[in-house]
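A.B. asks:
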Amino acid sequence: MITTTLSTKNLLTSKSNAYAFFVEHDFDPAHIKDTVTQLYPAYAHALKERGFTGKAGSSLVLTGTQANKAVYIILLGLGDLKKGYQNVENYRRAVGQLVRIAEFHKFHSLAFELPDPAVLGLSYERLAQETSTIMHKARYHFDEFITSEDRKFTWEITATVHVPKKFAEVAQKGLDFGLVIADAINTARYWCDLPPSALTPPIFAKKAEELAKEYGLKAKIFDKKEIIKLGMGGIEGVCRGSMHEPRLAILEYKASKAKAPTLCIVGKGVTFDSGGLSLKPSASMETMKDDMAGAAVVLATMKVISQIKPAINVIALAPMVENMPSGTAQKPGDILTAFNGKTMEVADTDAEGRLILADALSYAVDAYKPDAIIDLATLTGACAAALGVFYAGLFSQHDELVERVIKASEHSGDKVWRLPMDNDYKPAIKSDVADMRNIGSKKYMGGAITAAFFLQNFVGNVPWVHLDIAGVAFGVPDLSYLRPGATGFGIRLLADLIMHWDRDLKKK
Ligand code: BES
Ligand code: MN
Ligand code: ZN
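Read in order, the letters of the sequence shown are residues 24 to 531 in our numbering.
#1: If we ignore side chains and look at the alpha-carbon of each, how far apart do lysine 453 and phenylalanine 477 end up?
#2: Near phenylalanine 130, which residues of its chain fall below 6 Å by C-beta distance, leaving aside the five closest residues on each side in sequence?
#3: Tell me the rounded alpha-carbon separation between alanine 361 and arginine 377.
#4: Say the cut is 6 Å; is the CB of threonine 293 nearer than that to a heavy atom of ligand 3?
#5: So what's tyrosine 276 in DSSP terms, helix, strand or just coil?
#6: Going along the chain, which residues of its own chain have a beta-carbon closer than 6 Å to the beta-carbon of glycine 197, five neighbours each way excluded?
#7: With DSSP as the reference, label histidine 523 as helix, strand or coil.
#8: What's the call for aspartate 394, buried or exposed, on a 16-neighbour Cβ count within 10 Å?
#9: Would you verify that the beta carbon of glycine 292 is, or is not, closer than 7 Å to some beta carbon of chain C?
#10: Using 7 Å as the threshold, is the C-beta distance between alanine 383 and arginine 263 below it?
#11: Would you check whether ligand 2 has a heavy atom nearer than 6 Å to the C-beta of glutamate 375?
#12: Can you check DSSP and say which residues form a bridge with serine 432?
#13: List in chain order: all unbroken beta strand (DSSP E) runs of 3+ residues lying wholly within the stretch 277-333.
#14: If you run the structure through DSSP and keep just helix, strand and coil, what is serine 385?
#15: Using beta-carbon positions only, say whether glycine 321 and isoleucine 396 come within less than 7 Å of one another.
#16: Please check the pair glycine 292 and proline 342, which I expect to be a contact at CB under 8 Å, by giving their CB distance rounded to whole angstroms.
#17: If threonine 401 sits next to aspartate 314, beta carbons under 8 Å apart, how far is it from one beta carbon to the other, in whole angstroms?
#18: Please list, in chain order, all residues of the same chain as serine 15 whose beta carbon is under 7 Å from its beta carbon, the five residues on each side excluded.
#19: Rounded C-beta distance between alanine 205 and serine 155? I'm assuming under 8 Å.
#20: Let's test the definition: count the other Cβ atoms within 10 Å of the Cβ of histidine 533 and tell me whether it reaches 16, buried, or not, exposed.
#21: Report yes if the C-beta of glycine 404 is less than 6 Å from at least one heavy atom of ligand 1; otherwise report no.
#22: When DSSP labels each residue in this structure, what does glutamate 368 get in the three-state scheme?
#23: Going by C-alpha to C-alpha distance, which of Ser297, Thr510, Ile429, Pro269 sits closest to tryptophan 440?
#24: Quick check on this structure: which residue in Met266, Asp216, Phe200, Val485 has the alpha carbon closest to the alpha carbon of serine 349?
#25: Could you tell me the distance, in whole angstroms, from the CA atom of glutamate 72 to the CA atom of lysine 78?
#26: Hey, glycine 102 and isoleucine 96: beta-carbon distance below 7 Å or not?
#27: Would you check if there are 3 or more beta carbon pairs closer than 8 Å linking the stretch 296-309 to the stretch 323-342?
#28: Does the distance between the C-beta of aspartate 296 and the nearest non-hydrogen atom of ligand 2 fall short of 6 Å?
#29: Tell me the rounded alpha-carbon separation between glycine 239 and aspartate 525.
#30: Three-state secondary structure (DSSP) at leucine 516?
#31: Is the stretch 110-130 close to the stretch 454-470, with three or more CB pairs under 8 Å?
#32: Between which two residues does the beta strand (DSSP E) carrying threonine 88 extend?
#33: To the nearest angstrom, how far is the alpha carbon of valine 46 from that of leucine 502?
#34: Below 8 Å on the Cβ atoms is my contact criterion, and I expect proline 443 with isoleucine 472 to pass it. Report the Cβ-Cβ distance as a whole number of Å.
#35: Do cysteine 287 and alanine 387 come within 7 Å of each other at the CB atom, strictly closer than that value?
#36: How many angstroms separate the CA atom of valine 499 from the CA atom of alanine 318?
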């Protein structure tokens, strides 16, 4: 755990184990000289000697003394601050680096002043929010199943954030909200990181229900019987091979205003994707416990929603299944009928995400008459191959909604990149025997795009954005504030989007 507390006093009064300083590339050493030399008289010499100039990603750790106690002095480089949103990202990485240094040296306390928000292009509140989100994100460790104590990260770290008095109130607001976001992110990461046998659809749905109870949201959990009764043939088809029942979990937040617009957020919740009878090779199966990341993200986002109480209705829908081969499993060649009545030829049982999303999306349209839908799904390896691990794929034909999502993405740090949803790709999923096929014809390539066109059949005329998070949901390397395992990608983006939803979308 890490606790962030605010102080309006002079930095060195906090009597911490460590003092950190964020500096730009080619910074003027005189700026922090008065403070640092009190702890480490040879400061100027050390900078030269160690060649530290404040480049992005660099750090310098010195050991000094304060009142006869050993303290650490940490300088963190922010790099060249002139590239818009990259500035903020550099800061996030520096904060993540600080947590890593604290963990490496086992500090119990650290203190720092927030850098100048104007330089980063942020408000004071937003800067405090980013700081707190990243510190808590960086501190997340999935070590529940590790037994050796020295590999666990159990000790408490207290981080004292020093701010000028006049900003104390906004800074506290920012720190608090940053924690709300990080807590949701870490909840989603935890669900993803759990082994697949510890998070089956019924267990996952229970967790969603508990979340709703704790945060005062309405929950509807459909079980297998209800799913079949409602005609959700996609979920039913995919679950056939598994010994675990499917679920459709729905959490509702209602705004206080009666005529508020409604946003549905839909997440793929395949608790394990073996591929089904179209079995995956074992190497590809290794990470498939994370195939429920979309569901985890939309459900955990509701934690944030219940606390910020936005002026719009937000409904999270998470279809949950396990995709397994067995004597009862669905077979290539089977035809399923989705909730909206459209038929789907199952050419490949490993293209299961779109089959369960078909039901969840068309149910969302029918039951909630939403003004917009955003879905998040670890849908295709093709998307991960195209964009790699730092950008999610964005697919949509609604430019205004796209613009909003991209803005939220740039603000929040959950990066997205738009790929074309050009109608030329549409015929790729034609079927000879049903309304559509669940894989695109090889002639068209573009597997991430043809998957998006499959989903389009289930959103009617509702403005809709599909985010393919296959590359970004887990296993992202190099970022100081992440760990091996799940990332919680999408929560920062959704929170930002929903907070700034201040005007209605134009009808298409
Ligand atoms: N869950 C996978 C996609 C995936 C792959 C996510 C790698 C994360 C990392 C999805 O269900 C799947 O198997 N997709 C197939 C689709 C194909 C059969 C058309 C794929 O991408 O190979
Ligand atoms: Mn699959
Ligand atoms: Zn899958």
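Cβ atoms here follow ideal geometry from the backbone N, Cα and C, with glycine treated the same way.
Bear in mind that the values here come from a model prediction, so they are computed numbers and not experimental data.
C.D. replies: Taking the geometry as given:
#1: 10 Å
#2: Asn40, Ala41
#3: 11 Å
#4: Reading off the sequence, residue 293 comes out as valine, not threonine. Correct: valine 293 has its Cβ closer than 6 Å to ligand 3.
#5: strand
#6: Glu148, Ala151, Gln152
#7: coil
#8: buried
#9: Considering every chain present, this structure includes no chain C. It has just one protein chain.
#10: no
#11: yes
#12: Paired residue(s): none; serine 432 is not in a bridge.
#13: 285-290, 292-296
#14: helix
#15: Note on residue identity: the sequence assigns valine, not glycine, to residue 321. No, these two residues do not count as a Cβ contact at 7 Å.
#16: 6 Å
#17: 5 Å
#18: No statement about residue 15 is possible, as the shown extent of the chain runs from 24 to 531 and does not include it.
#19: 7 Å
#20: Because the chain in this structure spans residues 24 to 531, residue 533 falls outside the shown range and cannot be described.
#21: yes
#22: strand
#23: Ile429
#24: Met266
#25: 16 Å
#26: no
#27: no
#28: yes
#29: 24 Å
#30: helix
#31: no
#32: 82-89
#33: 19 Å
#34: 7 Å
#35: yes
#36: 19 Å
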